[in-house]
Amino acid sequence: MTSRWRRAGSRGGAFRRGRVWLLAALVALPIAAAAVVAVAYPAVAAATCPGCYGLERLAGDVYAEQGLPPYRKRQVVSAVEEAERRVRDFYGDRRAAPRILACLSDRCYRRIGGGGERGVAVLNRAVMLSPSGVDPVIASHEMSHVELHARLDSGAKVPQWFDEGLAVLVSGDPRYLAPETAPGAEPDTAPGTAPGTAADRCLVSTDAPLPATLDAWLRAAGADRTTYARAACRVSRWVAANGGPHVVLDLVRRLDAGETFGAITGM
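Encoded structure:
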């Protein structure tokens, strides 16, 4: 009797121990997955848990590294607010509200997964800004990417050059587009280019094909920074020739309806 119950108890104990190990393994799976994400994709992890990466909330969904003096915090919030205005002014409203992660030191930016870029959109849900990217131009450029993809409800895609050129146009980046000409003023002329018009803000133009995929874009833009200016020129001219920003909203509507980018734009 005693030995039989002991044997039975031994089997029951083994079963219980096995169940405990199984439950522990199941609990550990999401923890391990989170650890893998944190190591392999720190930007995704930081966007999910800013506080885990030493970022504090400044306003709304705007986060910045801890310990900033008040004037630096105001700089971040002001840049984001102006960037939001630029996106809203172009589209008429805003569909996307990406989380903003702003770093004022290189160490902070490396910690959240940043590289040599000034800013980057993360999975179309967040925007990371480097120390040199905490300004309305860079912030609105990245927000433009998020906004466009938020409006493409069907998951339709546009060529990468169009996405980037549109972001330059929305942000008004003076590195790649001439300033808008005030009504009644003489249009600016970029050195070495033909005189512009009120509708022509191009600094560099091309009729050659532009990179359609992200990989091709990164290679081309890395080799020649005027790639941004060429893409911005093409988008700017198309928007101006078709009556203004509303043509982008029409493009999105028609893409969601199943039409192709080339058929709609002729580009």
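The sequence shown begins at 14 in this note's numbering and counts up by one.
We put the CB at the ideal spot given by N, CA and C, even for glycine.
Since this is a predicted model, take the numbers as computed values, not measurements.
query: How many Å lie between R267 and I151 at the Cα?; result: 29 Å
query: Could you give the DSSP three-state label for D220: helix, strand or coil?; result: coil
query: When you compare the stretch 102 to 111 with the stretch 145 to 163, are there three or more beta-carbon pairs, one atom per stretch, that lie closer than 8 Å?; result: yes
query: Taking the straight line between their C-alpha atoms, what separation do you get for V147 and T278?; result: 33 Å
query: Where do the ends of the beta strand (DSSP E) carrying A109 lie?; result: From DSSP, A109 is part of no beta strand (DSSP E); its letter is neither H nor E.
query: Thinking just about the alpha-carbon of each residue, which of L179, R247, S184, E155 is nearest to the one in R138?; result: E155
query: Give me the Cβ distance between E177 and W230, rounded to the nearest whole Å; I'm assuming they're in contact under 8 Å.; result: 6 Å
query: Starting from G127, follow the beta strand (DSSP E) in both directions and report where the run begins and ends.; result: Counting along the chain, G127 falls outside any beta strand (DSSP E), and DSSP gives it neither H nor E.
query: Quick check: the Cα distance between L142 and E95, rounded to an integer number of angstroms?; result: 14 Å
query: What residue does the beta strand (DSSP E) around G275 start on, and which one ends it?; result: Run containing G275: none in the beta strand (DSSP E); it sits in the alpha helix (DSSP H), 274 to 278.
query: Measuring alpha carbon to alpha carbon, tell me which residue in P149, A169, V159, L216 is nearest S184.; result: P149
query: Could you give the residue range of the alpha helix (DSSP H) that holds L227?; result: 227 to 236
query: Can the beta-carbon of R247 be found less than 8 Å from the beta-carbon of D213?; result: no
query: Which residue spans inside the stretch 46 to 85 form an unbroken alpha helix (DSSP H) run of at least 4?; result: 55 to 61
query: Specify the secondary structure class of C116 as computed by DSSP and reduced to three states.; result: coil
query: Within 10 Å of its beta-carbon, does L264 have 16 or more other beta-carbons around it, so buried, or fewer, so exposed?; result: buried
query: May I ask you to list the residues that DSSP assigns as paired with L142?; result: A115, G132
query: Do A234 and L182 have their C-beta atoms within less than 8 Å of each other?; result: no
query: Who are the Cβ neighbours of T240 in its own chain at under 6 Å, not counting the five residues just before and after it?; result: A233, A234
query: Skipping 5 residues on each side, what residues in its chain have a beta carbon closer than 7 Å to that of T273?; result: none
query: Contact defined as beta carbons within less than 8 Å: I believe L117 pairs with R70. What is the distance between those atoms, to the nearest angstrom?; result: Not quite, the Cβ-Cβ distance comes to about 15 Å (not below 8 Å), so this is no contact.
query: Report yes if the C-beta distance between D269 and A169 is below 8 Å; otherwise report no.; result: yes
query: Express the C-alpha separation of P82 and P63 in angstroms, rounding to a whole number.; result: 19 Å
query: Using only the alpha-carbon positions, how far apart do G80 and G256 sit?; result: 47 Å
query: Since I believe G67 is in contact with C121 (beta carbons under 8 Å), could you give me their beta-carbon distance rounded to a whole number of angstroms?; result: 7 Å
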